[in-house]
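Asks: Residue 186 in the UniProt record's numbering sits at position 186 of the sequence shown; the count goes up by one each step and never skips.
By construction, the Cβ of each residue, glycine as well, lies at the ideal position given by its N, Cα and C atoms.
I'd like to ask some things about the structure below.
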Amino acid sequence: MSFHGGNMEAHQKSVDLMSSIPGITYLEEGTHRFTLSNGAFFTIHASPCTPSQYGSQYMLHAFQYATGEDRYNPNADTDGIGMTPSWAVNSSTPSSTIPTFPGVDIVMTQSPPKYILDHTSDGSSAGCEHLRRAISRAKPRLHCFGHIHKSYGAERIAWKSHMTHKELEDMGIECLEDFDDDIAPLPQQEPDGLMKNSSRKRGFARISQQSQDALVHGKQTLCVNAAVKEDEGRPSNAPWLVTLELPCIPTRAWNED
């Protein structure tokens, strides 16, 4: 994907400038794999795109697409069943399609999925429902995004199809009929707002296997709205640090390489 306003040279200069910053890796849209020095590895799918809330004729910003455009899901699943609703148009490409579970560990997008940390100042839901279906299909360890300043924070969600009824009940999820798809938000473990505030004060969310709130890959996903700007537009929100348990190349194979 390339958005350069007709000037490819200027676009490339911008990419080169961002890529030259020490410690920064510029990701083109698509799925990328990284191997760390200790043998741990992860895959990440990145997308700069965000839906236009006012129709295709009002797409005034970069990387926008119409709400009736599905660019995150394949035309059909492995059984040949269409994944895009009849009212929408599928415009996915190999690079824009988010891999199906367990093909990706981290998804990083500009905007949130529908109904997940996506409420605006007027109370409306500004997330993308096509992205919601894609995240439900991918079930990553972590989905991070921003764009909606009002909903800065973190939320864990459970995947009903990959959990037993007992596991869901143990997490405090009882009324499954309240959820019309595979996503069930986990109830707060502490009084309303306390968990979010304490995470903000710490600067990170504890979800490692050694923590009380360990995240189980394939059964839960941590969603983080890491918008730097607060609702008034000032860059005052703290960044998020998330510790993830990652798969690792076996020691012998790592040493041989």
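1. Using only the alpha-carbon positions, how far apart do Glu9 and His61 sit?
2. Round the Cβ separation of Pro247 and Ala40 to the nearest angstrom and send it over; I've been treating them as touching at under 8 Å.
3. Do you know offhand how far Thr25's Cα is from Glu245's?
4. For Gly131, which residues in the same chain have their Cβ closer than 6 Å to its Cβ, ignoring the five residues on either side in sequence?
5. So, using beta-carbon positions, are Val224 and Asn237 closer together than 8 Å?
6. Would you mind reading off the limits of the alpha helix (DSSP H) that contains Val104?
7. Taking all protein chains shown into account, do 16 or more other C-beta atoms lie within 10 angstroms of the C-beta of Gly193, making it buried, or fewer, making it exposed?
8. Give the DSSP-derived three-state secondary structure of Glu129 in the structure shown.
9. Measuring CA to CA, which of Ala214, Gly68, Ile21 and Ser95 is closest to Ser86?
10. Does the pairing of the segment 9–24 with the segment 89–108 give three or more beta-carbon distances under 8 Å?
11. Suppose contacts are defined by Cβ-Cβ distances below 8 Å. Is Arg156 in contact with Gln220 by that definition?
12. Tell me the DSSP bridge mates of His119?
13. Between Lys160 and Asp182, how many whole angstroms is the CB-CB distance? I'm expecting something under 8 Å.
14. Given Gly127, which residues of its chain have a CB within under 7 Å of its CB, disregarding the five upstream and five downstream residues?
15. Just the C-alpha distance for Lys150 and Asp231, rounded to the nearest angstrom, thanks.
16. Below 7 Å CB to CB, which residues in the same chain sit around Ser121 once its five sequence neighbours on both sides are set aside?
17. If Ile135 sits next to Val107, beta carbons under 8 Å apart, how far is it from one beta carbon to the other, in whole angstroms?
Replies: Here's the rundown:
1. On the sequence shown, residue 9 is found 9 positions in, with the first residue counted as 1. On the sequence shown, residue 61 is found 61 positions in, with the first residue counted as 1. For Glu9 and His61, the distance between alpha carbons rounds to 20 Å.
2. By one-based count along the sequence shown, residue 247 stands at place 247. By one-based count along the sequence shown, residue 40 stands at place 40. Indeed they touch by this definition, with Cβ atoms about 7 Å apart.
3. For this step, residue 25 is matched to residue 25 along the sequence shown. For this step, residue 245 is matched to residue 245 along the sequence shown. Answer to the nearest angstrom: the Cα atoms are 21 Å apart.
4. One-based indexing of the sequence shown puts residue 131 at position 131. Sequence inspection shows Leu at residue 131; the Gly mentioned does not correspond to that position. Hits under 6 Å: Tyr72 and Pro113.
5. Here residue 224 corresponds to residue number 224 of the sequence shown, with the count starting at 1. Here residue 237 corresponds to residue number 237 of the sequence shown, with the count starting at 1. No, they are not a contact pair.
6. If you number the sequence shown from 1, residue 104 lands on position 104. From DSSP, Val104 is part of no alpha helix (DSSP H); its letter is neither H nor E.
7. Taking the first residue of the sequence shown as position 1, residue 193 is located at position 193. Residue placement at Gly193 cannot be trusted, given a pLDDT of 47 that sits under 50; what the coordinates show is reported in the next sentence. Its Cβ having fewer than 16 others within 10 Å, Gly193 is exposed.
8. On the sequence shown, position 129 is the one that residue 129 refers to. Here Glu129 sits in helix by DSSP.
9. Looking up residue 86 in the sequence shown gives position 86. Taking only the C-alpha atoms, the option nearest Ser86 is Gly68.
10. no
11. Numbered from its first residue, the sequence shown carries residue 156 at position 156. Numbered from its first residue, the sequence shown carries residue 220 at position 220. Yes; because the gap between Cβ atoms is below 8 Å, this pair is in contact.
12. Reading the sequence shown from its first residue, position 119 is the one you call residue 119. Paired residues: Ser125.
13. Locating residue 160 in the sequence shown gives position 160, counting from the first residue. Locating residue 182 in the sequence shown gives position 182, counting from the first residue. Right, their Cβ atoms sit about 5 Å apart.
14. Here residue 127 refers to the residue found at position 127 of the sequence shown. So the qualifying residues of the chain are Ser111, Pro112, Pro113, Lys114, Tyr115, Ile116 and Asp118.
15. Here residue 150 is taken as the residue at index 150 of the sequence shown, counted from 1. Here residue 231 is taken as the residue at index 231 of the sequence shown, counted from 1. Lys150 and Asp231: Cα-Cα distance of roughly 5 Å.
16. By 1-based counting over the sequence shown, the position of residue 121 is 121. If we look at Ser121 and ignore the five residues flanking it on each side, its Cβ neighbours are Lys150 and Asp231.
17. Locating residue 135 in the sequence shown gives position 135, counting from the first residue. Locating residue 107 in the sequence shown gives position 107, counting from the first residue. Yes, Ile135 and Val107 are in contact; Cβ-Cβ is about 6 Å, under 8 Å.
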